[in-house]
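K.L.:
In numbering that gives the first Met the number 0, the protein residues as written are 0 to 393.
A single structure is presented below for examination.
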Amino acid sequence: MGQRERPPLVVHIIHALGTGGLENGLVNIINRMPVDRYRHAIVCLTRSGEFARRITVPDVQIIELKKKPGHDLGLYVRMWRLLRRLKPAIVHTRNLAALEMNLVARLVPGVCRIHGEHGRDIYDVDGSNKKYIVFRRLLNPFVQRFVAVSADIAQWLTCPVGIPAHKVEQIYNGVDSESFHPGAESLSDVLPHDFSPSSGVIVGTVGRLAEIKNQSFLVESFARLLTEQPRWRRSLRLVLIGDGPERNAIEQLIRSLDLDGLVWMAGDRADIPALLRAMDIFVLPSLGEGISNTILEAMATGLPVIATDVGGNPELIEHGENGLLVAVNDQAALANGIALLAAQVETRRAMGTRGLEKVAENFDWTRTVNRYMELYDQLLTPGVLRHRPTSTGI
Numbered sequence: 000m001g002q003r004e005r006p007p008l009v010v011h012i013i014h015a016l017g018t019g020g021l022e023n024g025l026v027n028i029i030n031r032m033p034v035d036r037y038r039h040a041i042v043c044l045t046r047s048g049e050f051a052r053r054i055t056v057p058d059v060q061i062i063e064l065k066k067k068p069g070h071d072l073g074l075y076v077r078m079w080r081l082l083r084r085l086k087p088a089i090v091h092t093r094n095l096a097a098l099e100m101n102l103v104a105r106l107v108p109g110v111c112r113i114h115g116e117h118g119r120d121i122y123d124v125d126g127s128n129k130k131y132i133v134f135r136r137l138l139n140p141f142v143q144r145f146v147a148v149s150a151d152i153a154q155w156l157t158c159p160v161g162i163p164a165h166k167v168e169q170i171y172n173g174v175d176s177e178s179f180h181p182g183a184e185s186l187s188d189v190l191p192h193d194f195s196p197s198s199g200v201i202v203g204t205v206g207r208l209a210e211i212k213n214q215s216f217l218v219e220s221f222a223r224l225l226t227e228q229p230r231w232r233r234s235l236r237l238v239l240i241g242d243g244p245e246r247n248a249i250e251q252l253i254r255s256l257d258l259d260g261l262v263w264m265a266g267d268r269a270d271i272p273a274l275l276r277a278m279d280i281f282v283l284p285s286l287g288e289g290i291s292n293t294i295l296e297a298m299a300t301g302l303p304v305i306a307t308d309v310g311g312n313p314e315l316i317e318h319g320e321n322g323l324l325v326a327v328n329d330q331a332a333l334a335n336g337i338a339l340l341a342a343q344v345e346t347r348r349a350m351g352t353r354g355l356e357k358v359a360e361n362f363d364w365t366r367t368v369n370r371y372m373e374l375y376d377q378l379l380t381p382g383v384l385r386h387r388p389t390s391t392g393i
């Protein structure tokens, strides 16, 4: 009997394996994909990080190319040599930083090429940067399929970027309902001593402390609410979970607004499911989003969500049904939204229940992983690339 053929190898190319929604989605896909269907390797253009420990599948190579700042011409040579050695069946790049690696993958015979768009960054929040649009158009011939994590990004790729619709497939992320679910959490076990007052309301957010996540807007809106309605100072508390380059600036803002003791900066945490269960209201104040994993996790926990009306957020939050949508940097709207939900327990519960139902119906990791496997199968099956892919929508 001959040696059993190994499953095809997918090489995932990303900028870095740090903490973030893109990385969380990638790790979930790898961990949940049957090992007899596809093998995986992750190539970081820069470096890996602690997030790599979340990969539970054995034999997943994580390779750092340690890209130098600016234009590192040697990176292309290192990537070409690496792909020649790994011999992948598929190269799957993600976001703008990795897009040009499709040029290198095109030079390796027999390699199929996918590019995923997971959201925009602070330098191109609305996707209107002409330089980036032209760059994507120029790279289009080297990419066989584009994957968008939201309908908003899928529409943006076809117009104004100009990618042919038959090359764009939209696949939503899932949510881990085994970890993220409703339940009564002991506040004393997860929150600082004396932080949670009796009969209080905990407002929280989860995300990297970066400019695009806009946590300073949430802090300022929280302060505005306490100034306009001082009674909430006794019972309303704010939790910021995550770490990042904006931490010092946010800490200074908290002190300047006299919010010491009312805002807890929790840093990066391993017990996020428990912390979400300790919250009453979840807020995502981002300047831009693809499809937010943290919104999905909050919805799976049964929380009402207040989010900025950007990117894929309206695909998750129906205003007045399972949460509220507010304009970017509209402090009055966010402060009023928090006050409204803080005062109305039954409204919070009803919104949380509707959000939970929406997640259960539409956002499941098994469905997401199956869609990626179908896409990989299509790419490796001769003669199917011209078929229009089916989008995964609500």
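Backbone N, C-alpha and C fix where the C-beta goes; we use that ideal spot for every residue, glycine too.
(1) Give me the Cα-Cα distance between C111 and S149, rounded to the nearest whole angstrom.
(2) I need the DSSP call for L72, collapsed to helix, strand or coil.
(3) So, helix, strand or coil for V327, using DSSP?
(4) Please identify the residue among E210, S47, F194, A248 whose C-alpha is closest to the C-alpha of R232.
(5) Could you name each continuous alpha helix (DSSP H) segment of 4 residues or more that falls completely within the region 250–278, going from the start of the chain to the end?
(6) Out of D259, L85, G301, E116, state which residue places its alpha-carbon closest to the alpha-carbon of H39.
(7) For A394, report the span of its beta strand (DSSP E) as first-last.
(8) Near P181, what residues of its chain come up, given a Cβ to Cβ distance below 8 Å and the 5 sequence neighbours on each side ignored?
(9) In terms of residue numbering, what span does the alpha helix (DSSP H) encompassing T204 cover?
(10) Pick out whichever of G322, A222, I294, V358 has its Cα sitting closest to the Cα of E345.
(11) Roughly how many angstroms separate the alpha carbons of V133 and W263, rounded to a whole number?
(12) CB-CB under 7 Å to V167, same chain, minus the five flanking residues each way: which ones, in chain order?
(13) Which residues bound the beta strand (DSSP E) around T18?
(14) Run the CB neighbour count on I253, radius 10 Å, all protein chains shown included, and call it buried at 16 or more, exposed below.
(15) Roughly how many whole angstroms lie between the Cα atoms of G260 and L237?
(16) Is the beta carbon of F50 less than 7 Å from the beta carbon of V174?
(17) State the DSSP-derived secondary structure class of G322, mapped to helix, strand or coil.
(18) Any chance you could list the alpha helix (DSSP H) runs of at least 4 consecutive residues sitting entirely within the region 48–128, in chain order?
(19) Figure out for me which residue from L374, R5, L95, G48 has the closest Cα to the Cα of R34.
(20) Is there contact between the region 288–295 and the region 311–321, where contact requires at least three CB pairs shorter than 8 Å?
(21) Tell me H39's beta-bridge partners as DSSP assigns them.
(22) Going by beta carbon distance, what residues of the same chain come within less than 6 Å of G24, once the five residues before and after it are set aside?
(23) If you check the beta carbons only, do V26 and R52 fall under 7 Å apart?
(24) Check L235 in the structure and name its three-state DSSP category.
(25) With a threshold of 7 Å between beta-carbons, can T380 be considered close to chain C, or not?
(26) On the criterion of 16 or more Cβ atoms from any shown chain inside 10 Å, does I121 qualify as buried, or is it exposed?
(27) Using C-beta distances below 7 Å, list every residue in its chain close to S234, excluding the 5 sequence neighbours before and after it, in chain order.
P.N.:
Once the coordinates are examined:
(1) 23 Å
(2) coil
(3) coil
(4) F194
(5) 271–276
(6) L85
(7) Lying before the first or after the last residue shown, residue 394 is absent from the chain, which here runs from 0 to 393.
(8) R276, T300, G301, G351, L355
(9) That residue, T204, is in no alpha helix (DSSP H); its beta strand (DSSP E) goes 200–205.
(10) G322
(11) 43 Å
(12) F145, A147, A153, L156, T157
(13) Premise fails: T18 is in no beta strand (DSSP E) and is neither H nor E.
(14) buried
(15) 9 Å
(16) no
(17) strand
(18) 73–85, 94–98, 100–105
(19) At residue 34 the sequence reads Val, which differs from the Arg that was named. If we check each option's Cα against that of V34, R5 comes out closest.
(20) yes
(21) V9
(22) N172
(23) no
(24) strand
(25) Looking for chain C here will not work: only one protein chain is present.
(26) exposed
(27) P196, S198, G199, V200
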